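To convert a position in the sequence shown, counted from 1, into the working numbering, add 81.
No residue lacks a Cβ here, since even glycine has one placed at the ideal position from N, Cα and C.
Bear in mind that the values here come from a model prediction, so they are computed numbers and not experimental data.
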Amino acid sequence: METTESKSLPENAYVPLPAGVEYEPMVPSSVAPPEATGRSIFWGVLLCFIFSAASAYSGLKVGQVMEAAIPIAILAIGLARVYARRSSVLENVIITSIGGAAGAVVAGAIFTLPALYSLQLHPHPVQTIFICVAGGCLGVMFLIPLRRYFVREMHGLLPYPEATAITEVLVTGEKGGSQAKLLLQATALAGIYDFFVTTFQVWKEFLDFQFIPVMRTLAERARIVVRFDAIGFILGLGYVMGLRSSMILVAGGVVSNFVLVPLIYMIGQHFPNAVYPATVPIAQMDASQIFRGYVRYIGVGAIATAGIFGILKSLRVIAGSFGVAARAFRAGETHGERTDRDLPVVTILLGIVIGAILVAAFFGTLRPTAVVLIIGLLLTLVFSFFFTSVAANAIATTARNPVSGMTMLTIIISSVVLLQFGLSGTTGMFFVMAIAGMVCTALSVSGQTITDLKTGYWLGSTPATQEKVKFLGVVVAAIASGLTIVMLAGIFQFGEAAPGDTRLVLAAPQASIMQALVQGFMNRQPIAYMLFVAGAFIAVAMEMLGAPALIFALGMYLPLELNTPALVGGFISHLISRKSERVGGARGRTMRERGVVIASGLMAGGALGGVLGASLRLIPSFKESWVTTPFYGNDTVSQIVSLVLFVALCLYLWIDATRVRQEV
82 METTESKSLP
92 ENAYVPLPAG
102 VEYEPMVPSS
112 VAPPEATGRS
122 IFWGVLLCFI
132 FSAASAYSGL
142 KVGQVMEAAI
152 PIAILAIGLA
162 RVYARRSSVL
172 ENVIITSIGG
182 AAGAVVAGAI
192 FTLPALYSLQ
202 LHPHPVQTIF
212 ICVAGGCLGV
222 MFLIPLRRYF
232 VREMHGLLPY
242 PEATAITEVL
252 VTGEKGGSQA
262 KLLLQATALA
272 GIYDFFVTTF
282 QVWKEFLDFQ
292 FIPVMRTLAE
302 RARIVVRFDA
312 IGFILGLGYV
322 MGLRSSMILV
332 AGGVVSNFVL
342 VPLIYMIGQH
352 FPNAVYPATV
362 PIAQMDASQI
372 FRGYVRYIGV
382 GAIATAGIFG
392 ILKSLRVIAG
402 SFGVAARAFR
412 AGETHGERTD
422 RDLPVVTILL
432 GIVIGAILVA
442 AFFGTLRPTA
452 VVLIIGLLLT
462 LVFSFFFTSV
472 AANAIATTAR
482 NPVSGMTMLT
492 IIISSVVLLQ
502 FGLSGTTGMF
512 FVMAIAGMVC
522 TALSVSGQTI
532 TDLKTGYWLG
542 STPATQEKVK
552 FLGVVVAAIA
562 SGLTIVMLAG
572 IFQFGEAAPG
582 DTRLVLAAPQ
592 ASIMQALVQG
602 FMNRQPIAYM
612 LFVAGAFIAV
622 AMEMLGAPAL
632 IFALGMYLPL
642 ELNTPALVGG
652 FISHLISRKS
662 ERVGGARGRT
672 MRERGVVIAS
682 GLMAGGALGG
692 VLGASLRLIP
702 SFKESWVTTP
712 FYGNDTVSQI
722 VSLVLFVALC
732 LYLWIDATRV
742 RQEV
């Protein structure tokens, strides 16, 4: 009897599988509905180009890249109804896979490439596009051997918050009924909420609770500041992450902000001069400046070390994947069932070799010595491979990719190594930033690709098909973002205004940090090795305790306000899970399902609200004061209003998830 396609995820989609049990996706391997069709490729390419161009401008202006995959998944559902033959769910997966490359490639581009213009190195448009294409393709190729480990073997052990949201959006679009209404309701609510709070002056987005006297005293005397980003997107993210992961994430933030920051201030306030790497005396720094000047580097060291542990743990799987593929190639065997079929290993290896040759040829145009060229190529390949595993693990656990931290580490190590071989000056800066651009794009794309592959795994896509179209998405996004950067570079200045230059300035905050780093190292400034080493030993201690070191390290590195709302979402998830267990049966299962759908809606709505807000900033005359409230300027009232409304959002999540209705 032929297996038929379902319109619901299996009950074991989000839980670990018993020994010997295989996961059966919503669309089983015995069914082969349309996937990479003309319509899915056309819409995926079009949406990828549009989102890439818009995201590039948004990221350069405010340092925030548009979330592409979730909004594109929602658009795919609407587009599916345009045709006489309604698009299959797997065609919608392809649209999302291609379009989702937009945000990933743009992040890699705008975090690094504007520095080349700020440094007056004047890269050619082809060079700008090539760096993005090379990095993105390396990220996809290095990730493919890791797919089975992260997607299949870790099934139910990693929460995949963003993939969960995309999957729930696509499934409810297929299913319709009360689940679709619930998703749309949560999406609309979070979309309106996050749009207004992040775009206009309605009430404070970020809470620091300093309207409470004791909190203000702690901030002034001990540099202890509690921060909270009161938006729906992070609340939903924390719910999907669960209590344990969100607690470990916040624990890293607690160590950074409530232990290291006040400790550095207590000791350093007595030094009259600035202590490297900061540029002002510690006594004059607030908590945020101490975090950025010192603690963030400790977090980078922790992330890098946790990444090494992750790679060591996955080496067996990587070797096994290549071994199985090599045996199948020699024996002329097929590549297994449709839902577990990757691109052939020979194709991957050939792609890596061709990519390495092209990268070497690109470096050769900068006229370095042969030794420098070889070392630069090795650094690019090693870092890209190394950070692929780190990015995949981070995205699978927290939906946060430590792009800027890993790129900073790339710049630091590459500069130190290449300086030893005589590379310096403008050529050295261009060389190092090119390496950083490729690596940054590789790890950004690999994190987004593992999200796509997990979504496809739950729904029943063919991995090889997803991997093929991902390369197409990378190329389209690279062209769109590269041309956008080139165009903007002729109209705006990046970073800070240059003397005598009357053009308007785009902040390009991440690229400005990278520029300062590469300038400092190429000018042979000292390196704060002890900060990186301290972070490394913190990661070692977490591994010794048996805790997920990478999650803890991410919590140390990320600003506290991005972590604390996730803990609230994780706590609500825990309470709903406990209540569903007490209720039991079909009613308890419905509670859990409704909770995930609402949380996914909060993430989808938050992403849509952010996209809409970023789009408004494309208007030259845009001002946040277009919509303002009388109490916005009153910090106490504004923060209290924000807190009350966030609590109301939490109550909505709890009440609507635990309210069991008859399904339509």
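Taking 3 residues as the minimum length, the region 481 to 558 contains no beta strand (DSSP E) run wholly inside it.
The C-beta of F352 has fewer than 16 other C-beta atoms within 10 Å across all chains shown, which makes the residue exposed.
Beta-bridge analysis with DSSP links T709 to Q282. Excluding five sequence positions before and after F468, the CB atoms of its chain that fall closer than 6 Å to its own CB belong to M487 and L524, given in chain order. In chain order, L316, G319 and Y320 place their CB closer than 6 Å to the CB of G650, counting only its own chain and leaving out the 5 sequence neighbours on each side. Note that the region 557 to 573 touches the region 185 to 192; at least 3 beta-carbon pairs, one per stretch, sit closer than 8 Å. Contact check for F276 against L693 passes: the beta carbons are separated by less than 8 Å. Annotation: the continuous alpha helix (DSSP H) that includes F618 extends over Y610 to M625. For Q208, the enclosing alpha helix (DSSP H) stretches over residues P206 to L224. Per the coordinates, the alpha-carbon of G374 lies some 23 Å from the alpha-carbon of L197. If you draw a straight line from the Cα of G391 to the Cα of G714, it is about 46 Å long.
Judged by beta-carbon spacing, L288 lies within the 8 Å limit of R308, meaning their Cβ atoms are closer than that value. Checking the DSSP bridge columns, you'll see D310 partnered with F287. A Cβ-Cβ separation of about 7 Å places V497 in contact with F602 under the 8 Å criterion. Linking D421 to I700 through their CA atoms gives a straight-line distance of about 46 Å. Judged by DSSP in its simplified three-state form, F352 adopts coil rather than helix or strand. By the 16-neighbour rule on beta-carbons within 10 angstroms, K285 is buried.
Taken through DSSP and simplified to helix, strand or coil, I679 comes out as helix.
Annotation for T546: E116 and A117 place their beta carbon closer than 6 Å to its own, counting only its chain and skipping 5 residues before and after.
Cα atoms of A473 and G528: separation of roughly 5 Å, rounded to the nearest angstrom. Straight-line spacing of the CA atoms in I653 and T739 works out to 11 Å. Taking one beta carbon from each stretch, the region 525 to 544 and the region 237 to 257 have 3 or more pairs nearer than 8 Å; the two touch.
In the DSSP annotation of this structure, the continuous segment of the alpha helix (DSSP H) that includes K660 starts and ends at T645 to V664. The DSSP-derived three-state label of L447 is coil. Under the 8 Å Cβ criterion, the region 337 to 351 counts as touching the region 376 to 386, having at least three qualifying pairs. In terms of CA proximity to A558, G125 leads the group L98, E105 and G125. In this structure the region 86 to 105 lies against the region 228 to 243, because at least three pairs of beta carbons, one per stretch, are closer than 8 Å. Three or more beta-carbon pairs separated by less than 8 Å link the region 174 to 184 to the region 150 to 162, which places the two stretches in contact. Taking all protein chains in view, the Cβ of K262 is surrounded by fewer than 16 other Cβ atoms within 10 Å, so the residue is classified as exposed. Non-local beta-carbon contacts of V102 in its own chain, meaning distances under 8 Å to residues more than five positions away in sequence, involve N93 in chain order. By the Cβ criterion, the region 695 to 711 is not in contact with the region 608 to 628, since fewer than three pairs of Cβ atoms, one from each stretch, lie closer than 8 Å.
In its chain, beyond the 5 residues on either side, A303, R304 and I305 have a beta carbon closer than 7 Å to the beta carbon of P343. Here the alpha carbon of R166 sits roughly 48 Å from the alpha carbon of M514.
F314 has its alpha-carbon roughly 16 Å from the corresponding atom of T478. With respect to the 8 Å criterion, A680 and I151 are not classified as neighbours on the basis of their beta carbons. Taken through DSSP and simplified to helix, strand or coil, R670 comes out as helix.
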